[in-house]
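Asks: All residue numbers for the first sequence refer to this note's numbering, where the first residue is 1 and numbers rise by one. Mind having a look at this structure? Questions to follow.
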Amino acid sequence: MCRNEWEILRYTTEKGVILLSRKSGDNILKFDYFGEYTSNTAKKELLNRLGINVEIKKVYSNINTDIFIDNAIKNYYGMRITKNEPWETTLCFIISQFNNIKRIRLIMKNLLERYGEPYYIDGKKVMLFPSAERISKATIPELMSCGTGFRAKYIKSVSNEIKNGFSFDHINRLDYDEAKNELLKLDGVGDKVADCILLFGYGHLQSFPIDVWVKRIIEKVYMKNKKKSIQQIHDFANNRWGNLAGYAQQYLYWYGRTALRLEETTQTV
DNA sequence: TTCCAGGGCCGCG
DNA sequence: CGCGGCCATGGA
């Protein structure tokens, strides 16, 4: 609403805090770092978080299996998978269920402003995303007043689990399958949300989240327009794109959504 | 007004 | 197990 509004990415690690900011409409990024970070270590962390250090051409040569995904790559050339905080990612994708992207952003913003921890930079206040501890103190009606709707009970339940010892750090030490099984124990986390957490929160690039769009795209483009189960689609993606299936998923999702809407896709593979 | 949005849970057969 | 109904909310 305000033209001078800053878009800020917040990274909170055990070493400190890194903020990456951009004035809306501006192409220039700036970053600030606090705690134990130096200019170099902060920059390194950012390159990792933003996925800039992956060799994207190698990724393309691995996932470019057919004409459809080749078009997807051409249309979204350079797009990376970024890595964010597991807890924040979990909340974000619990909220994403049966919801739209605009409202997901709004709800996350409401939670940030209402429960976030203030952090001061040169006297200027920046809100850091609230910990599970802080969220767990909110009541369900309070969470609902942020627009979370029927997902409030999941948020409450998951934040309590974390307060009672569920460890996101522990999941870091597990392989993909083990980690997914752990995440599936959380209330409100099913197959798709678990895969999103693993892909965007932990950097498991083999993870292949199957939402309604990806399902439609796979069925239409790769399965001769026949309905398939979630498990069949997982098997297909794993066989075809292996440990980079997550990258394939992102290009299929962003390109396929518009392609299917515009019905440019009589093209099958 | 009605419909839909990056699912998951629950109760059925 | 596989399936369908249900769920809060607000923008189009």
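Ideal placement from N, C-alpha and C gives every residue a C-beta, glycine not left out.
Would you call Y120 buried or exposed, if buried means 16 or more other Cβ atoms sit within 10 Å of its Cβ?
Replies: Your numbering for residue 120 matches position 120 in the first sequence. Flag for Y120 reads exposed.
Asks: Leaving out five residues on either side along the sequence, give the residues of the same chain with a beta carbon under 6 Å from the beta carbon of R134.
Replies: Locating residue 134 in the first sequence gives position 134, where the first residue counts as 1. The residues are Y115.
Asks: Could you check which residue in L112, V189, G16 and R22 has the C-alpha nearest to that of T38?
Replies: Counting from 1 along the first sequence, the entry for residue 38 is found at position 38. Closest by alpha carbon: G16.
Asks: For H204, count neighbouring C-beta atoms within 10 Å of its own C-beta (all shown protein chains included) and say buried if the count is 16 or more, exposed if not.
Replies: If you number the first sequence from 1, residue 204 lands on position 204. Buried, because 16 or more other Cβ atoms sit within 10 Å of the Cβ of H204.
Asks: Per DSSP, what are the beta-bridge partners of T13 in this structure?
Replies: As a first step, residue 13 is located in the first sequence; it is residue number 13 there, counting from the start. T13 pairs with G16.
Asks: Is there contact here, the region 62-75 with the region 239-251, by at least three beta-carbon pairs under 8 Å?
Replies: Because the criterion of three Cβ pairs below 8 Å is met, the region 62-75 and the region 239-251 touch.
Asks: Please list the terminal residues of the continuous alpha helix (DSSP H) segment that includes E161.
Replies: Mapped onto the first sequence, residue 161 falls at position 161. Element bounds for E161: A152 to K163.
Asks: So E45 packs on I18, CB below 8 Å; how close in whole Å?
Replies: Here residue 45 is taken as the residue at index 45 of the first sequence, counted from 1. Here residue 18 is taken as the residue at index 18 of the first sequence, counted from 1. Indeed, because the Cβ distance is near 6 Å, the residues count as touching under 8 Å.
Asks: Which class does E88 belong to by DSSP, given the choice of helix, strand or coil?
Replies: In the first sequence, counting from the first residue as 1, residue 88 sits at position 88. Helix.
Asks: Using 10 angstroms around the beta-carbon of V221, count the other beta-carbons present and answer buried if the total reaches 16, otherwise exposed.
Replies: The residue you call residue 221 lines up with position 221 of the first sequence. So V221 counts as buried.
Asks: So within the region 88-146, which uninterrupted alpha helix (DSSP H) runs reach at least 4 residues, ignoring any that extend past its ends?
Replies: Counting whole runs of 4 or more residues, the region 88-146 contains the alpha helix (DSSP H) stretches 101-115, 132-136 and 140-144.
Asks: Tell me, to the nearest whole angstrom, how far the beta carbon of S159 is from that of S136; I am working on the premise that it is less than 8 Å.
Replies: For the purposes of this step, residue 159 is taken as the residue at position 159 of the first sequence. For the purposes of this step, residue 136 is taken as the residue at position 136 of the first sequence. Going by Cβ atoms, the distance from S159 to S136 rounds to 4 Å, so yes, they are a contact pair.
Asks: Determine the extent of the beta strand (DSSP E) in which L294 is found, giving its start and end residues.
Replies: Since the displayed the chain opens at 1 and closes at 269, residue 294 lies outside it and no answer follows.
Asks: Could you check where the alpha helix (DSSP H) with Q206 kicks off and where it finishes?
Replies: For this step, residue 206 is matched to residue 206 along the first sequence. Unbroken run through Q206: none, as it is neither H nor E.
Asks: Could you spell out where the alpha helix (DSSP H) holding V193 opens and where it closes?
Replies: On the first sequence, position 193 is the one that residue 193 refers to. Per DSSP, V193 belongs to the alpha helix (DSSP H) from D191 to F200.
Asks: Starting from E7, follow its DSSP beta bridges and name the residues at the other end.
Replies: As a working note, residue 7 is residue 7 in the first sequence. In DSSP, E7 forms a bridge with R22.
Asks: So, L20 versus F34, is the Cβ gap smaller than 8 Å?
Replies: On the first sequence, position 20 is the one that residue 20 refers to. On the first sequence, position 34 is the one that residue 34 refers to. No, Cβ-Cβ distance for L20 and F34 is not below 8 Å.
Asks: I believe I94 touches R151 by the beta-carbon criterion, under 8 Å. Please report the beta-carbon distance rounded to the nearest angstrom.
Replies: What you label residue 94 is simply residue 94 of the first sequence in a count that begins at 1. What you label residue 151 is simply residue 151 of the first sequence in a count that begins at 1. Their Cβ separation, rounded to whole angstroms, is 6 Å, which keeps I94 and R151 in contact under 8 Å.
Asks: Please classify Y76 as buried or exposed, where buried requires at least 16 neighbouring CB atoms within 10 angstroms.
Replies: Translated into positions along the first sequence, residue 76 becomes position 76. Residue environment: Y76 is assigned as exposed (fewer than 16 neighbouring CB atoms within 10 Å of its CB, all protein chains considered).
Asks: For I210 versus L252, is the C-beta distance shorter than 8 Å?
Replies: On the first sequence, residue 210 is found 210 positions in, with the first residue counted as 1. On the first sequence, residue 252 is found 252 positions in, with the first residue counted as 1. Result no, Cβ atoms of I210 and L252 do not sit closer than 8 Å.
Asks: With C-beta atoms as the reference, is I69 less than 8 Å away from A248?
Replies: Counting from 1 along the first sequence, the entry for residue 69 is found at position 69. Counting from 1 along the first sequence, the entry for residue 248 is found at position 248. In contact: I69 and A248 (Cβ atoms closer than 8 Å).
Asks: Within 10 angstroms of its Cβ, does W6 collect 16 or more other Cβ (buried), or is it exposed?
Replies: As a first step, residue 6 must be located in the first sequence, where it is residue number 6. W6 is exposed by the Cβ-count criterion.
Asks: Please state if the CB of G147 and the CB of L106 are separated by a distance shorter than 8 Å.
Replies: The sequence position of residue 106 within the first sequence is 106, counting from 1. The sequence position of residue 147 within the first sequence is 147, counting from 1. For L106 and G147, yes; Cβs fall inside 8 Å.
Asks: Please classify F98 as buried or exposed, where buried requires at least 16 other C-beta atoms within 10 Å of its C-beta.
Replies: Taking the first residue of the first sequence as 1, we reach residue 98 at position 98. By the neighbour-count rule (16 or more Cβ atoms within 10 Å), F98 is not buried but exposed.
Asks: Excluding the 5 residues preceding and the 5 following E117 in the sequence, name in chain order all residues of the same chain whose CB lies nearer than 6 Å to its CB.
Replies: Here residue 117 is taken as the residue at index 117 of the first sequence, counted from 1. Within the same chain, E117 has close Cβ partners L128.
Asks: Less than 8 Å separating the beta-carbons of I197 and L183?
Replies: Taking the first residue of the first sequence as 1, we reach residue 197 at position 197. Taking the first residue of the first sequence as 1, we reach residue 183 at position 183. For I197 and L183, yes; Cβs fall inside 8 Å.
Asks: So, helix, strand or coil for R173, using DSSP?
Replies: The residue given as residue 173 occupies position 173 in the first sequence. Here R173 sits in coil by DSSP.
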